[in-house]
Each structure stands twice: as structure tokens, then as C-alpha cells.
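**Student:** Numbering (the working numbering), first residue to last: 1484 to 1841. Every residue, glycine too, gets a C-beta built ideally from N, C-alpha and C.
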């Protein structure tokens, strides 16, 4: 009897493999997404958004589009993964590119480095998710064979200073401080305008620079400051939000155009939902991290609106001079972007009051 049962057991044992083989054959399209963000559902906002996107796309295409997420820099640097996407999406179809990397493929993106661009998350989300910005980012198709899907908040978007010398409460408190910045000339121009000196350094040299006194301070999103122990090498932190860090989600245009239109619609719609989910998670993490900063650093300070405006009035002209005269951006594009943000700054509060305040 045992010998007669063996073939049936073997057949049952092979059934999962047969099912897997059938599913693999059913997957007509592969969508591999690369990001430097770790594959963690609780310490960042981008990876959960991508996981949600994967679930939506695979369910809505009945598994015909298989989405794979490579987190933690598994596929290389942002520029390396962006180059693979740009090359036609044969090995890698999608990447998440923070502002510096995005600017290397689409130089016009540098206009988004304007200091004090947004007052709050609602303005930032309305801008990045709006029609003006979508039209602006459509230029990536011609410039880099990339299609823009959406913008994530990089580390929560708004940044906070940390430094070893004093608590920054006014623009005058920045006078004479040596601030480490990213290797981004826009950030250097902003620091100089505010009275500080700037030392551009890669991320890997930041801690040593603060420990040795090469730099007095730096700025990053609160979630970065707490996660990477900046409180151990600096004493004071101030949330100014003078920079809003963003991360662009792009796919290969060549690959995208090979998809049936129904799948293109699934991907673009699922991306909108994933970005919306990520926005909320980003704000939650940023808020929690700022509260944690006030526990970890010796002193913390939330800069009030009027002082932020003073700093903006000083920094903005210097940045505009750099972006137009040195970088060579189209002044009409710069003004159009600033006008769009100004319009949102005025309309969003009024819209909220008209809908919910009367």
C-alpha cells in the first residue's frame, strides 16, 4: 500500500512548484524599484508606500505586473540606479531619487531647492501633487527618458539645525557658525546669505567633522538627527524648516510605453495612493522625531513664523541670484514656481475656512 501511495505524495509535493511556475508564466511585466531607504515599515515613510503600491498593482493586474522593491541601496547609488532606469528599464524599471540625484538627470529640478519654500506640509503636498508641478516634471521624459510618478517627503521634508555653539533663535545666531551642508551649491549660497560659513561634505564625513570641530553644526530632518545620533555630537537643535527635502519617484519611459494602457492607468493611480499614504506616515515620523529631539538634545527651539520670515527675506534674494546668475536657470521658470507656491499659500487657508469654518 505504501508503494502505491508514493506517486500521489510526490504529485502533491510538486503541486506548489507547478502553481509557482504557472504564476511566473502569468507575469508578463516586471517592475523593479530601487531606493536607498531601508526595507523597514516603521522607521521611514517611503518603503511602506512602495509596499502598498506593490499590493495595489499586483492585485489590480491579477499578477500580470510583478513589482519587486530593492531597498537599502541594494542596486547601487541613486545616480547608478537612475542611469539604469534611463537606459531603457531593461534591468531596473524604477528608482527613488532625492533632489541632488534628480537634478543630475533633470537640471531644472534645482529650482525646487529654494529656501523657505513652504510654510507647512499642506502647502508642500499641494504643490508636489498639483498640476503645475506635474507639468514641470513632464520634462523628464525628454531630458532623461524618465516618467515622473510622484514626490515623497525625504526624511519628513523640513529640516532642523543642530550645532555645538549656541541655540539658534534668530538669524543673528547663525553669524560666524560653520555649517556642514550637502554638496549642493544652493545650500552653500543660503548659509552664506544667513551669515554662516558653509563646509560641503558627503554624508559619510559628517560625524567626524562635528567631532573634530571642522564644522560647528549641520541641518537634516529631525528623523535623521535622532536616528543617526546627531545629539551625541551636537548640543542644540532648532526646527527652522529652511529646506524641504524631496524624493522623486520615476520610471523608465521606454518601459512604461511598452505597457498596455490599462496597466499604465493602474500604475499611475496606485502611485497617487502610495504617495498619499507616505505623506501621512512622513508627517507622523517627523513630528515624533522632533519631540524626541527635545528629549535628546540639551536644548531645542521651534522657530516662530515671524523669524522664519526674516530669514526667508534674507536668504531668498541670495538664492535667486545664485540659481539665475550662477546656475543658469530660466528666471521665468523660477518666478513661475514661486508664484505657484505663493498662490497656494494664500488659497489653502481660505479654502479650509470656507469649507469647515463657517
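Measure from the alpha carbon of residue 1665 to the alpha carbon of each residue in 1726, 1657, 1609, 1716, then state which is nearest.
**Tutor:** Closest option to residue 1665, Cα to Cα, is 1726.
**Student:** Please state if the CB of residue 1698 and the CB of residue 1704 are separated by a distance shorter than 8 Å.
**Tutor:** Contact: no.
**Student:** Express the C-alpha separation of residue 1718 and residue 1661 in angstroms, rounding to a whole number.
**Tutor:** 15 Å
**Student:** Look up residue 1732 in the DSSP assignment and give the residues it is bridged to.
**Tutor:** 1579, 1633
**Student:** So for residue 1781, helix, strand or coil by DSSP?
**Tutor:** coil
**Student:** Quick one: complete alpha helix (DSSP H) runs, 4+ long, within the segment 1521-1591?
**Tutor:** 1529-1543, 1561-1569, 1582-1588
**Student:** Where does residue 1840 fall in DSSP's three states?
**Tutor:** coil
**Student:** Just verifying my parser: in three-state terms, what is the DSSP assignment at residue 1620?
**Tutor:** helix
**Student:** Flag this pair as touching only if the segment 1588-1600 and the segment 1816-1823 have three or more C-beta atom pairs under 8 Å; answer yes or no.
**Tutor:** Taking 8 Å as the limit for Cβ pairs, the verdict is that the segment 1816-1823 does touch the segment 1588-1600.
**Student:** Taking 8 Å as the threshold (C-beta atoms), are residue 1761 and residue 1521 in contact?
**Tutor:** It is not a contact, given that the beta carbons lie outside the stated cut-off.
**Student:** Whose C-alpha, out of 1585, 1755, 1653, 1766, is nearest the C-alpha of residue 1628?
**Tutor:** 1585
**Student:** In this structure, how does DSSP classify residue 1683 when only helix, strand and coil are distinguished?
**Tutor:** strand
**Student:** Suppose the cutoff is 8 Å on Cβ atoms and the five residues either side in sequence are ignored; what does the same chain contact list for residue 1790 look like?
**Tutor:** 1652, 1653, 1654
**Student:** Return helix, strand or coil for residue 1505, following the three-state DSSP convention.
**Tutor:** Confidence at residue 1505 is low in this model, with a pLDDT of 41, below 50, so the placement of that residue is unreliable and no value is reported for it.
**Student:** Looking at the unbroken alpha helix (DSSP H) that takes in residue 1666, where does it start and where does it end?
**Tutor:** Neither: residue 1666 is in no alpha helix (DSSP H) and is coded neither H nor E.
**Student:** Exposed or buried, which one is residue 1506 when buried takes at least 16 other CB atoms within 10 Å?
**Tutor:** Any answer about residue 1506 is weak, because its pLDDT of 43 lies below 50 and its placement is not dependable; what the coordinates show is given next. When all chains shown are included, residue 1506 counts as exposed.
**Student:** Identify, in the order they occur along the chain, each residue of the same chain with its Cβ nearer than 8 Å to the Cβ of residue 1799, setting aside the five sequence neighbours on each side.
**Tutor:** Scanning its chain for C-beta atoms nearer than 8 Å, with the 5 sequence neighbours on each side dropped, one finds around residue 1799 the residues 1597, 1598, 1599, in chain order.
**Student:** The beta strand (DSSP E) spanning residue 1607 covers which residue range?
**Tutor:** Segment 1604-1611 is the alpha helix (DSSP H) holding residue 1607; no beta strand (DSSP E) there.
**Student:** Using the C-alpha atoms, what's the distance from residue 1838 back to residue 1828?
**Tutor:** 16 Å
**Student:** State buried or exposed for residue 1729, treating a residue as buried only when at least 16 other CB atoms are found within 10 Å of its CB.
**Tutor:** By the 10 Å Cβ count, residue 1729 comes out buried.
**Student:** Helix, strand or coil for residue 1512, going by three-state DSSP, please let me know.
**Tutor:** strand
**Student:** Using only the alpha-carbon positions, how far apart do residue 1797 and residue 1635 sit?
**Tutor:** 28 Å
**Student:** Quick one: what's got a C-beta closer than 7 Å to residue 1589's C-beta in the same chain, skipping five residues either side?
**Tutor:** 1622, 1623, 1626, 1627
**Student:** Please tell me whether residue 1776 and residue 1708 are closer than 8 Å, where the distance is taken between their beta carbons.
**Tutor:** yes
**Student:** Check each candidate in 1736, 1701, 1766 and name the one with the smallest Cα separation from residue 1566.
**Tutor:** 1736
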